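Colleague: Residue numbers (full-length UniProt numbering): 1 to 267.
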């Protein structure tokens, strides 16, 4: 098998959450270009249909599932839908998540629990539902990828709920990899500043964009495809000797690139 062939996912089946735009959409299309059929889920059907067209243009099939993925029953149900539609399930990409930054005193218990639920509990619900189907696949190349964030390994003011949840997702990834080895590999990606909808306000602000670029050693904001390429590596035979790891796809950053300029407590 050649090196390039190791990146192929021919006839595999993937579930990608939060696939209507941004990293999720780019990852779904990348997996299709590598040869996989995909189940794509998010709230907005119109966005999913646009992604499905790109998947089909790559010669693969897409199952569109509009759903509120904060509902763990709906998220877990994607595994069965994938198996019923395509007859197998090989890949899970836990991409859905995110939490709006907030001050410490405005981060109450409910806010923290909501962040954990949306970023960690959803990933666990889907993966747990997927495992019985994944172990039925014939080639032993089943893989889970979770999309964490550099804020799960660094500290920045205003990111307490988000960073805590993403750190928990990262360690969940390591623990799940131990539980599911050797049959299913589980890895994650520490994502840096990527120009998705969450950073749309940056695109039109030259000062803010310049600040992020200046704080990034590679001198640019990431693209969704940068993360998608890492996901293809981790889910394919190219990454077959990798499990329980978090790839840092962040332009080389070791500290937050966006200062929210929150005041000191009591100031």
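Each residue gets a CB set at the ideal place from its N, CA and C atoms; glycine is no exception. Every value quoted in this text rests on a predicted model; they were computed, and no experiment measured them.
May I have the straight-line CA-CA distance separating residue 240 from residue 5, to the nearest angstrom?
Modeller: Working through the chain shown from its first residue, we reach residue 240 at position 240. Working through the chain shown from its first residue, we reach residue 5 at position 5. Taking the straight line from one Cα to the other gives about 13 angstroms.
Colleague: If the criterion is Cβ atoms closer than 8 angstroms, does the pair residue 17 and residue 75 meet it?
Modeller: Here residue 17 refers to the residue found at position 17 when the chain shown is read from its first residue. Here residue 75 refers to the residue found at position 75 when the chain shown is read from its first residue. The answer is yes: Cβ separation under 8 angstroms.
Colleague: Residue 144: which of 212, 265, 79 sits nearest, CA to CA?
Modeller: Your numbering for residue 144 matches position 144 in the chain shown. Comparing Cα-Cα distances from residue 144 to each of 212, 265, 79, the minimum goes to 79.
Colleague: Kindly indicate the opening and closing residues of the beta strand (DSSP E) around residue 65.
Modeller: The count along the chain shown starts at 1 and reaches residue 65 at position 65. Per DSSP, residue 65 belongs to the beta strand (DSSP E) from 62–66.
Colleague: Can you tell me whether residue 141 is helix, strand or coil according to DSSP?
Modeller: Residue mapping note: residue 141 aligns to position 141 of the chain shown, counting from 1. Residue state, collapsed to three classes: coil.
Colleague: Consult DSSP for residue 51 and reduce its assignment to one of helix, strand or coil.
Modeller: Here the question's residue 51 lines up with position 51 in the chain shown. Residue 51 falls in the helix class under three-state DSSP.
Colleague: Please report the distance separating the alpha-carbon of residue 85 from that of residue 42.
Modeller: To locate residue 85, count along the chain shown from 1; it is residue 85. To locate residue 42, count along the chain shown from 1; it is residue 42. Roughly 18 angstroms separates the two Cα atoms.
Colleague: I'd like to know if the stretch 176–193 and the stretch 54–66 are in contact, where contact means that at least 3 CB-CB pairs between them fall below 8 angstroms.
Modeller: Contact between the stretch 176–193 and the stretch 54–66 is absent, because fewer than three Cβ pairs lie under 8 angstroms.
Colleague: If distances are taken between C-alpha atoms only, which option among 140, 155, 189, 83 comes closest to residue 133?
Modeller: On the chain shown, position 133 is the one that residue 133 refers to. Minimum Cα distance to residue 133 is reached at 83.
Colleague: For residue 238 and residue 1, I'd like the C-alpha separation in whole angstroms.
Modeller: Looking up residue 238 in the chain shown gives position 238. Looking up residue 1 in the chain shown gives position 1. Taking the straight line from one Cα to the other gives about 11 angstroms.
Colleague: Tell me the rounded alpha-carbon separation between residue 119 and residue 186.
Modeller: What you label residue 119 is simply residue 119 of the chain shown in a count that begins at 1. What you label residue 186 is simply residue 186 of the chain shown in a count that begins at 1. Approximately 16 angstroms, taken between the alpha carbons.
Colleague: Consult DSSP for residue 194 and reduce its assignment to one of helix, strand or coil.
Modeller: For the purposes of this step, residue 194 is taken as residue 194 along the chain shown, with counting starting at 1. Strand at residue 194.
Colleague: Rounded C-beta distance between residue 25 and residue 51? I'm assuming under 8 angstroms.
Modeller: What you label residue 25 is simply residue 25 of the chain shown in a count that begins at 1. What you label residue 51 is simply residue 51 of the chain shown in a count that begins at 1. 5 angstroms between Cβ atoms; contact.
Colleague: Three or more C-beta pairs under 8 angstroms: does that hold for the stretch 162–177 against the stretch 217–232?
Modeller: Touching, no.
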